[in-house]
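To start, the structure itself, in C-alpha cells.
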Ligand code: UD1
Ligand code: CA
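Numbering (our numbering), first residue to last: 7 to 464.
Now the structure itself:
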C-alpha cells in the first residue's frame, strides 16, 4: 500500500504519436483545432494546472509538425519520438530517458482528449495518497470500443480492452479514459513486463493495473463525467466536441452577464474573455486571444482574433479585428473595416471600408471611408502614426512610414507620402480640370463607333 503525501513532484507524459487514421487527414490529429487551439494545446493546458516539473510529449506520426507546435505552446516540454506505434504502453516507455533522475509521479494524458478538467487531474493526484496506480474512468452511455474497468470494491483488478473482453466483461459500463497516475519508476518497471499478447498485438498501457496487483501494489479508479474523457478519433467527434465546447462557453458567457440575443450563432475560442453587459450580436466569430470589456458592443457578422476592445467601443457590423488591434474606449469600427496591429484612440472613428494596419491613431480622430494605410512595400512593413483630433478625408492612401500631426486634415483622395505637420491640411491629389461640353461630344463619338461596328443593327 502506498503511503505518500499528495503533492509529490509530477511529470506529464502526453501521448501524441498515434496516426489518427480515422480523421482521414494529412494534418496530424493532435493539431486539429478545437475552440481555436490545436487539440494538444488543450491537453497541455489541463496538465499545466498540476504545475508539472517535467513535460514529455511522445510524438510519432507527423512528429515534425507536432513538435513544432509543442515548442510554441510549451517551450519547456521535451518531445520524444516513438518510431513505431506499438501501443499505448510502448508509447509511455519512450519517456524513460526523458524521465531519468526524476523522482515523483507521472500522469499519462492523451493529446486527443481535450476536455479533462484540472479538478479531475488534481483528484487523481490526491488519490495517490492511498493507492499506487490511479486510473481515470467514467460510466459510458455506450461502452463500445472503450477498455472496461474490472473493479472489485474500490480496487481495480485489471482493464480489459473491448476486443479481448468476454461477453460478461463487455457488459461492464465503467470504462477506461486512458489517463493514469503512478510513481515514475513503478510504472516504467511494470511496463517492462508488458507483453503484446492481445487481439491487437500491441503493448498496452492498460495491462499496468493487473501487473501492479500481481506485485501486491494497489490500483483504483477515479470516475469523472463522460464528457471530460471524450476522445477525438474521427471528424464527427471533433465536430461534437466543438459543439459541446461552444454550448458550455455560451452558457458561461450568459452566466457572467454578457448580452447575446442569439448565443447559438456566436462562436468563441478557448480563451475568449467578455465583460459583463458587453453585447455580442448575431454571428460573431472569436479567434484566440480576444478580450472585450464591459459595455462594449460587437455587432453582427464581425470576426475578431488577438485583439482588445475597450468599454463603450462599438465594432461592426461586418468588421474584422486581427491580431494586435487595440480598440480604445468609445471608439467606432464600422462595416468592412479591417484593423491589424493598430491602436485606435479613445472616441476615434473608422466607420467604413478601411484598412488600418501597423498604425497608431490618437484620440478623437475621424477616418473617412475607404482609407488605407499602405503598410507593406512588398518586403517590409512600415508604421503609420496619426495624432489626435485628426480628420482623414475619404479615400486617403497613407503610404507608410508616415506621420500625420494632431488636428491635421488630409483631403479626400489624397496619397500621403510625406509627414503632415500638426494643424496642416494635406492635399495630395491631381488638380481637377473641367473641359466644357466634352462629355457630350465624347459620348456621341462612342455611340457612332459602336453603330459602325454592329452594322447599325443595335
Ligand atoms: C485506449 C485504451 C482504452 C481506452 C481508450 C480511451 C489502451 C490499450 N486502450 O484505446 O482502454 O478506453 O484509450 O480513449 O491503452 N498512442 C501513441 N502511441 C501508440 C498508440 C497510441 O502515442 O503506439 C496515443 C494516441 O496518439 C492517442 C492515445 O495514445 O493519443 C490513445 O491511443 P488510441 O489508439 O486512440 O487508443 P484506443 O484504442 O482508443
Ligand atoms: Ca482513442
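Built from N, CA and C at the ideal position, the CB exists for glycine as well.
In this text the structure is predicted, and so the values were computed from the model without any measurement.
Asked                                                                                                                            : Found
Beta-bridge partners of residue 259, as assigned by DSSP                                                                         : According to DSSP, residue 259 bridges with nothing at all.
Paired residues, beta bridge with residue 189 - DSSP                                                                             : 111
The region 368–388 touching the region 339–353, judged by at least three CB pairs closer than 8 Å                                : yes
Residues bridged to residue 397 (per DSSP)                                                                                       : 372 and 415
Cβ-heavy atom distance, residue 21 to ligand 1, below 6 Å                                                                        : yes
CA-to-CA distance, residue 434 to residue 457, given in whole angstroms                                                          : 41 Å
For residue 297, the nearest candidate out of 280, 305, 303 and 288 (CA to CA)                                                   : 280
Residue 385 versus residue 403: straight-line alpha-carbon distance, rounded                                                     : 19 Å
Neighbourhood of residue 401 by C-beta distance below 6 Å, restricted to the same chain and skipping five residues each side     : 376, 418 and 419
Cβ shell of residue 83 (< 6 Å), same chain only, five flanking positions each side left out                                      : 61, 63 and 76
For residue 48 and residue 56, the rounded distance between their alpha carbons                                                  : 14 Å
Beta-bridge pairing of residue 40 - partner residues as DSSP gives them                                                          : 43
Member of 103, 94 and 96 whose CA lies at the smallest distance from the CA of residue 85                                        : 103
Residue 33, enclosing beta strand (DSSP E) - first and last residue                                                              : Premise fails: residue 33 is in no beta strand (DSSP E) and is neither H nor E.
Simplified DSSP assignment, three categories, for residue 453                                                                    : helix
Three-state secondary structure assigned by DSSP to residue 447                                                                  : helix
Chain-order list of residues whose beta-carbon lies under 8 Å from that of residue 59 (same chain, five-residue window excluded) : 15, 16, 17, 108 and 110
For residue 220, the nearest candidate out of 236, 196, 241 and 240 (CA to CA)                                                   : 196
Enclosing alpha helix (DSSP H) for residue 273 [first to last residue]                                                           : Note, residue 273: premise wrong, no alpha helix (DSSP H); not H, not E.
Cβ contact check for the region 115–123 and the region 203–217: 3 or more pairs under 8 Å                                        : no
Residues that DSSP places opposite residue 144 in a beta bridge                                                                  : 181
CB contact flag (residue 91, residue 66, <7 Å)                                                                                   : yes
Residue 359 Cβ short of 6 Å to ligand 1 heavy atom set                                                                           : no
Inter-stretch contact at 8 Å, needing at least 3 Cβ pairs: the region 127–145 / the region 253–268                               : no
Inter-stretch contact at 8 Å, needing at least 3 Cβ pairs: the region 27–43 / the region 135–147                                 : no
Any chain C beta carbon closer than 7 Å to residue 230                                                                           : Of the chains in the structure shown, none is chain C; there is only one protein chain.
Proximity to residue 29 [Cα-Cα], best of 74, 230 and 241                                                                         : 241
Any non-hydrogen atom of ligand 1 within 6 Å of residue 381 CB                                                                   : no
Residue 100 Cβ short of 6 Å to ligand 4 heavy atom set                                                                           : Looking at this structure, you won't find ligand 4 anywhere; what it does contain is ligand 1 and ligand 2.
For residue 143 and residue 329, the rounded distance between their alpha carbons                                                : 40 Å
Residue burial classification, residue 316 (beta-carbon count within 10 angstroms, cutoff 16)                                    : buried
Residue closest to residue 423, alpha-carbon to alpha-carbon, out of 441, 379, 235 and 445                                       : 379
Rounded C-alpha distance that separates residue 164 from residue 98                                                              : 18 Å
Contact set for residue 3: own chain, Cβ-Cβ below 8 Å, skip 5 residues either direction                                          : No answer is possible for residue 3: it lies beyond the span of the chain, which begins at 7 and ends at 464.
Environment of residue 172 [buried if 16+ CB atoms lie within 10 Å]                                                              : exposed
Presumed contact (8 Å Cβ cut-off) between residue 24 and residue 35, rounded CB distance                                         : 7 Å
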